[in-house]
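Enquirer: Per our numbering, the very first residue in the sequence shown carries number 485; after that it's consecutive.
The beta-carbon is built from N, C-alpha and C at its ideal position, and this holds for glycine as well.
Computed from a predicted model, the values in this text were never measured in an experiment.
Please find one structure pasted underneath; my questions will follow.
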Amino acid sequence: MKNTENDFESVIDRHATNSLKWDLFDDEYPMWVADMDFKVAPPIQEAILKRASHPIFGYSIVPDSLFESYINWWNRRYGLKMSREDMLYATGVMPSISSMIRCLTDVDDEILIQSPVYHVFFYVIEDNNRRVLENELVFEDGKYRIDFDDLDEKLSKVKMMILCNPQNPVGKIWSKEELEKIGELCKRHDVILISDEIHCDLTDPGISYNPFMTSSDYKNSILCISPSKSFNVAGFQSSVVYTKNPELLSKIKTQLHIDNSDSCNVFAVSAVESAYNESEEWLEELKRVLYKNKQTVKEFLTNELPVIKLIECDATYLLWLDCSALNVSSKSLCEFLRQNQGVFLSAGSDFGEVGDGFLRMNIACPPKLLKEGLLKFKAGIIALNNINKLSKNI
Ligand SMILES: Cc1ncc(COP(=O)(O)O)c(C=O)c1O
485 MKNTENDFES VIDRHATNSL KWDLFDDEYP MWVADMDFKV APPIQEAILK
535 RASHPIFGYS IVPDSLFESY INWWNRRYGL KMSREDMLYA TGVMPSISSM
585 IRCLTDVDDE ILIQSPVYHV FFYVIEDNNR RVLENELVFE DGKYRIDFDD
635 LDEKLSKVKM MILCNPQNPV GKIWSKEELE KIGELCKRHD VILISDEIHC
685 DLTDPGISYN PFMTSSDYKN SILCISPSKS FNVAGFQSSV VYTKNPELLS
735 KIKTQLHIDN SDSCNVFAVS AVESAYNESE EWLEELKRVL YKNKQTVKEF
785 LTNELPVIKL IECDATYLLW LDCSALNVSS KSLCEFLRQN QGVFLSAGSD
835 FGEVGDGFLR MNIACPPKLL KEGLLKFKAG IIALNNINKL SKNI
């Protein structure tokens, strides 16, 4: 296969590249961290090689062309019209959220999140000496929904809410109506809303995505975006913060500067611009590959492990598996699978207590690798069953 062709089939050995996914733990098959095992889009590799061929790697500026690539992408794909002057560069979504927590809330304040949710939301709140207030999602008939009464009540106690859209780990795209309602409630209680939309591009083929800001006109909202999940370029540590509220923007700008989170590394501009300006067709093919992988897992579970239920989702390459019928905590299950088979999925309780009984499985890898992972997963579940003599259904 030529370097200029999209390649979602080749299994590429990532060992010895200081990969968090492959080099942190020896001999483990990783299905945890949200990082893909596909070769990057050819225009991105080309742009990086071009920059690397220049032999000087000093400090970089963030040119307007980087912001334009975000503006065009979001306008073209989602109908959101952003202006350059309302945008700030940041060295990643989580560094920017951490800075926003510091400049827009006070020590000991409660911050609302909707669990089960990306585990780093918990750490970033607690590490900044703020407190987590959870609006737990309701799991009913195999689906998740928001408890709006609980949200209404809890928003009266907080200054900030962090929304995850699409929701990691349950893969849900919030509807326009739900987003509008969240905006109304935040307005009623004067709560700053941070909308983390880092997974927005990774929808199933044919499924459209609703940004918070095209669904709600709530002024005190802040959008966090990045190509890092969609194009697997998280290692370049690059994101954008956008808000139409100049007061918020000014505070965030100062804090990002204080935190030294506003400057970019030497490859970031090449990576972002080549992703958004030249790799859209690659992304569309990726979405089809991920969808196929999702179907593979669905069939595998139905035929081979019916005791485990896949929660239907419309977005992300992270699958949320209901393992509650096994009657073990998700931490024990996760540990057992690692010890017994060397396969590492994320424990559901990492995403909040309400996630106990679930596992999160990353399926962003070539189909051949996915099948290996699924076989290990099955062998682990069967071994657990043999030991515990628990389920009759496997
Ligand atoms: C919802 C969400 N936000 C943020 C991040 C991390 O973003 P960054 O690497 O830009 O800090 C992740 C990574 O998995 C994520 O799932």
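Please name the residue in Met584, Asp507, Asn490, Lys534 whose C-alpha comes closest to that of Ile742.
Expert: Here residue 742 refers to the residue found at position 258 of the sequence shown. Of the listed residues, the one whose Cα sits closest to Ile742 is Met584.
Enquirer: Counting Cβ pairs closer than 8 Å, one from the region 654 to 670 and one from the region 569 to 578, do we hit at least three?
Expert: As far as the Cβ criterion goes, the region 654 to 670 does not touch the region 569 to 578, which means the pair count is below three.
Enquirer: So, is Gly857 buried or exposed, given that buried needs 16 or more other C-beta atoms within 10 angstroms?
Expert: Position 373 of the sequence shown, counting from 1, holds the residue named residue 857. With 16 or more Cβ atoms within 10 Å of its Cβ, Gly857 is classed as buried.
Enquirer: Do you know whose CA, among Asp611, Ser599, Asn613, Glu637, lies nearest Glu620's CA?
Expert: The residue given as residue 620 occupies position 136 in the sequence shown. Here the closest residue by C-alpha is Ser599.
Enquirer: Please find out if some non-hydrogen atom of ligand 1 comes closer than 6 Å to the beta-carbon of Cys648.
Expert: Taking the first residue of the sequence shown as 1, we reach residue 648 at position 164. Yes, the Cβ of Cys648 comes within 6 Å of a heavy atom of ligand 1.
Enquirer: Closer than 6 Å: is that where the CB of Ser712 sits relative to any heavy atom of ligand 1?
Expert: Numbered from 1 along the sequence shown, position 228 holds the residue referred to as residue 712. The answer is yes for Ser712.
Enquirer: Rounded to whole angstroms, what is the Cα-Cα separation between Ile496 and Lys855?
Expert: Position 12 of the sequence shown, counted from the start, is the residue given in the question as residue 496. Position 371 of the sequence shown, counted from the start, is the residue given in the question as residue 855. Cα to Cα, Ile496 sits roughly 15 Å from Lys855.
Enquirer: Give every residue of the same chain whose Cβ lies closer than 7 Å to the Cβ of Asp685, excluding the five residues on either side of it in the sequence, and list them in chain order.
Expert: Counted from its first residue, the sequence shown places residue 685 at position 201. Once the five neighbours on either side are set aside, the close Cβ partners of Asp685 are Ser714, Leu767.
Enquirer: Taking Asn846 as part of the beta strand (DSSP E), name the residues at either end of that continuous run.
Expert: Residue numbering aside, residue 846 sits at position 362 when the sequence shown is read from its first letter. Counting along the chain, the beta strand (DSSP E) containing Asn846 begins and ends at 842 to 846.
Enquirer: Which first and last residues belong to the alpha helix (DSSP H) in which Leu733 is found?
Expert: By one-based count along the sequence shown, residue 733 stands at place 249. First-last of the alpha helix (DSSP H) with Leu733: 730 to 742.
Enquirer: Measuring alpha carbon to alpha carbon, tell me which residue in Pro711, Asn716, Thr786 is nearest Phe551.
Expert: Here residue 551 refers to the residue found at position 67 when the sequence shown is read from its first residue. Selected option, being the one with the closest Cα: Pro711.
Enquirer: Around the C-beta of Gln823, are 16 or more other C-beta atoms found within 10 angstroms, so that it is buried, or is it exposed?
Expert: Start at 1 with the first residue of the sequence shown, and residue 823 comes out as number 339. When all chains shown are included, Gln823 counts as exposed.
Enquirer: DSSP has Trp804 in a bridge; who is on the other side?
Expert: Position 320 of the sequence shown, counting from 1, holds the residue named residue 804. Answer by DSSP bridge pairing, in chain order: Arg844.
Enquirer: Count the C-beta pairs between the region 723 to 730 and the region 692 to 710 that are closer than 8 Å, then say yes if the count reaches three, no if not.
Expert: Yes: the two stretches touch, three or more of their Cβ pairs being nearer than 8 Å.
Enquirer: Report the residue from Ile691, Ile555, Lys860, Asp592 whose alpha carbon sits nearest the alpha carbon of Glu512.
Expert: Your numbering for residue 512 matches position 28 in the sequence shown. Nearest of Ile691, Ile555, Lys860, Asp592 to Glu512, Cα basis: Lys860.
Enquirer: Could you check if Ser829 is buried or exposed, using at least 16 other CB atoms within 10 Å of its CB as the buried criterion?
Expert: As a first step, residue 829 must be located in the sequence shown, where it is residue number 345. Sequence check: residue 829 is Leu here, not Ser. By the 10 Å Cβ count, Leu829 comes out buried.
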